[in-house]
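**Student:**
Residue numbers (this note's numbering), protein chains in the order written: chain A, 433 to 554; chain B, 433 to 554; chain C, 433 to 554; chain D, 433 to 554.
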């Protein structure tokens with residue numbers, strides 16, 4: 433089976449400003465989730481902050497044999513994630529998934545990108 | 433033996449536009465494959481989408497002791513990968529290989545880069 | 433438990449100059465630490481150089497269920513890390529943590545970003 | 433012991449051109465090596481190409497408790513690595529080391545960065 437059931441992303445930051453056409457060039461912080469299994473993945477994301485208790489779970493479903501690019505900017509239940517604030521997250525799923533963490537930062541006129549495969553726990 | 437036989441890339445996106453001289457500065461999404469073994473690698477790539485069934489396999493051969501930078505933009509059998517669309521991929525090989533995922537994004541005047549080693553399954 | 437007790441970051445470099453508003457756009461080299469355990473993490477960072485003996489430990493506490501974005505620029509005990517100088521680091525903790533290494537480079541007018549999950553040892 | 437004795441970097445590319453002051457802003461492709469052991473690391477790099485036999489080993493020594501940022505641009509024995517050409521590499525050491533792969537691309541006026549921890553084999 434491809435993937436793990438628990439992932440941790442130690443870096444998180446939604447830039448406060450953007451340049452360029454929306455939504456393509458809006459600054460965003462994303463976790464891309466691949467569910468290559470034959471069963472729907474029920475994903476729960478817990479968000480950790482510097483000075484506050486963790487918030488969550490944020491619930492996302494990724495259907496069987498599908499991928500979903502989840503923008504942290506778009507999560508709002510139980511509450512939106514504040515912009516310009518450092519955070520981290522743990523992603524848990526009932527079936528093995530593969531995660532990748534990506535940011536598009538368009539605070540300045542030219543966009544910058546970063547990506548990594550986060551830490552995959554058991 | 434250096435590598436694994438199955439890799440998963442949870443992030444995929446071919447930018448729709450580019451700036452600068454082609455093909456060097458054309459926006460592209462690439463999986464770099466290293467085959468350090470003494471045997472040809474027969475590589476099969478399956479592409480996953482948000483709302484559609486997976487498409488594949490796309491077949492690529494990487495000869496023994498060679499590397500190949502495979503642009504997702506250039507894959508067209510069984511069908512081209514649409515630009516500006518989120519996708520993910522699973523890369524499988526008959527011999528151990530090493531993969532790395534890289535994007536050059538030249539939608540704006542100055543290019544941005546990202547790279548990571550994807551998730552290596554068994 | 434999510435994480436490992438020892439991490440190694442083979443790349444390190446604090447750019448000497450910056451463009452844009454401080455501190456958001458100040459060039460920086462960061463290790464983001466997530467402590468998802470219920471116990472405070474006492475973190476010790478040792479810095480390795482090209483031509484000098486290692487320096488450290490730099491001590492950082494990351495409380496239980498919190499994250500901290502540690503800028504290498506900000507470490508000054510036992511001594512500041514010189515700008516424009518290659519270094520590497522080993523991060524050790526009494527409880528499992530997850531690390532991610534990120535740089536914002538604003539030496540030129542448009543910022544560039546890089547990130548990766550460093551090497552997690554036992 | 434922190435590290436592994438064999439690493440593989442599937443992506444490699446030395447940009448042909450640069451903008452900005454040398455050598456800081458010269459486009460470069462780097463493998464950063466951390467040797468946290470008490471013994472000198474004798475490192476051998478083999479370079480793989482798309483259409484040619486592998487070339488190497490390139491030999492580099494990283495002293496005990498030191499780090500070295502090795503620019504592929506600077507390797508010239510047994511032969512220089514051509515610019516603008518895709519390659520990959522395998523890095524082997526007599527003692528455990530930690531590697532990180534970084535590129536500064538200054539072909540356009542604003543630099544772009546990428547980094548990742550490569551694949552660590554046994």
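We treat Cβ as the ideally placed atom computed from N, Cα and C, and that holds for glycine.
Once you ignore the five residues that flank residue 503(A) on each side, which residues in its own chain have a CB closer than 8 Å to its CB?
**Tutor:** Contacts found: 460, 461, 462.
**Student:** Round the Cβ separation of residue 466(D) and residue 553(C) to the nearest angstrom and send it over; I've been treating them as touching at under 8 Å.
**Tutor:** The pair is not a contact, with the Cβ atoms about 11 Å apart (cut-off 8 Å).
**Student:** Tell me which residues share the same chain as residue 492(D) and place their Cβ nearer than 6 Å to its Cβ, disregarding the 5 neighbours each side in the sequence.
**Tutor:** 475, 502
**Student:** Since residue 522(D) and residue 438(D) should fall inside the 8 Å C-beta cutoff, what is the C-beta to C-beta distance between them, to a whole number of angstroms?
**Tutor:** 7 Å
**Student:** Residue 479(A) versus chain B: which residues are under 8 Å apart at the beta carbon?
**Tutor:** None at all; the shortest Cβ gap to chain B is about 19 Å.
**Student:** Could you check the C-alpha separation between residue 525(B) and residue 473(B) for me, to the nearest Å?
**Tutor:** 6 Å
**Student:** Counting only Cβ pairs nearer than 7 Å, list the residues of chain A close to residue 522(B).
**Tutor:** Per Cβ cutoff of 7 Å: 434, 468.
**Student:** How far does the beta strand (DSSP E) with residue 550(A) in it extend, from its first residue to its last?
**Tutor:** Segment: none, residue 550(A) is in no beta strand (DSSP E) and carries neither H nor E.
**Student:** Run down chain A in chain order and give the residues with a C-beta less than 8 Å from the C-beta of residue 497(C).
**Tutor:** Residues of chain A with a Cβ closer than 8 Å to the Cβ of residue 497(C) are, in chain order, 480, 485, 486.
**Student:** Should residue 496(D) go down as buried or exposed, given a rule of 16 or more other Cβ atoms within 10 Å for buried?
**Tutor:** exposed
**Student:** Find out if the Cβ-Cβ distance for the pair residue 551(B), residue 520(B) is shorter than 8 Å.
**Tutor:** no
**Student:** For residue 484(C) and residue 464(D), what's the separation of their Cα atoms in angstroms?
**Tutor:** CA-CA distance, residue 484(C) to residue 464(D), rounds to 16 Å.
**Student:** List the residues of chain C whose Cβ lies closer than 7 Å to the Cβ of residue 553(A), in chain order.
**Tutor:** For a Cβ distance threshold of 7 Å, residue set 434 of chain C lies close to residue 553(A), ordered along the chain.
**Student:** Is the separation between the beta-carbon of residue 499(C) and that of residue 518(A) shorter than 8 Å?
**Tutor:** yes
**Student:** By Cβ distance, which residues of its chain are closer than 6 Å to residue 516(B), with the 5 residues on each side in sequence left out?
**Tutor:** 448
**Student:** Quickly, what does DSSP pair residue 492(C) with across the bridge? List them, please.
**Tutor:** 475(C)
**Student:** If we call anything under 8 Å between Cβ atoms a contact, is residue 468(B) one with residue 435(A)?
**Tutor:** no
**Student:** In the DSSP output, which residue or residues are listed as bridge partners for residue 467(B)?
**Tutor:** 498(B)
**Student:** What are the residues in the segment 498 to 519 of chain A lying within 7 Å of chain B by C-beta distance?
**Tutor:** Under the 7 Å Cβ criterion, the segment 498 to 519 of chain A contributes 498, 499, 500, 501.
**Student:** Taking 8 Å as the CB-CB limit, is residue 465(B) close to chain D?
**Tutor:** yes
**Student:** Would you report the Cα separation of residue 445(C) and residue 446(A), rounded to the nearest angstrom?
**Tutor:** 24 Å
**Student:** With distances taken Cα to Cα, identify the nearest neighbour of residue 533(D) among 548(A), 527(A), 470(A).
**Tutor:** 548(A)
**Student:** Please report the Cβ distance between residue 489(D) and residue 477(D), rounded to the nearest whole angstrom; I am assuming they are in contact, meaning their Cβ atoms lie under 8 Å.
**Tutor:** 6 Å
**Student:** Which residue marks the beginning of the beta strand (DSSP E) containing residue 436(D), and which one marks its end?
**Tutor:** 436 to 441
**Student:** Just the chain D side, please: which residues come within less than 7 Å of residue 443(C) by C-beta, in chain order?
**Tutor:** 464, 532, 534, 547
**Student:** Considering only residues of the same chain and omitting the five flanking positions on each side of residue 505(D), which have a CB-CB separation below 6 Å?
**Tutor:** 446, 460
**Student:** Within the same chain, show all residues whose beta-carbon is closer than 7 Å to that of residue 528(B), passing over the 5 residues directly before and after it, in chain order.
**Tutor:** 433, 434, 435, 436, 437, 469
**Student:** With which residues is residue 522(B) paired in a DSSP beta bridge?
**Tutor:** Partner residues in the beta bridge of residue 522(B), as assigned by DSSP, are 440(B), 478(B).
**Student:** Could you tell me which residues DSSP pairs with residue 461(A) in its beta bridges?
**Tutor:** 535(A)
**Student:** Which residues in the same chain as residue 482(D) place their Cβ atom closer than 7 Å to its Cβ, once the five residues preceding and following it in sequence are excluded?
**Tutor:** 518
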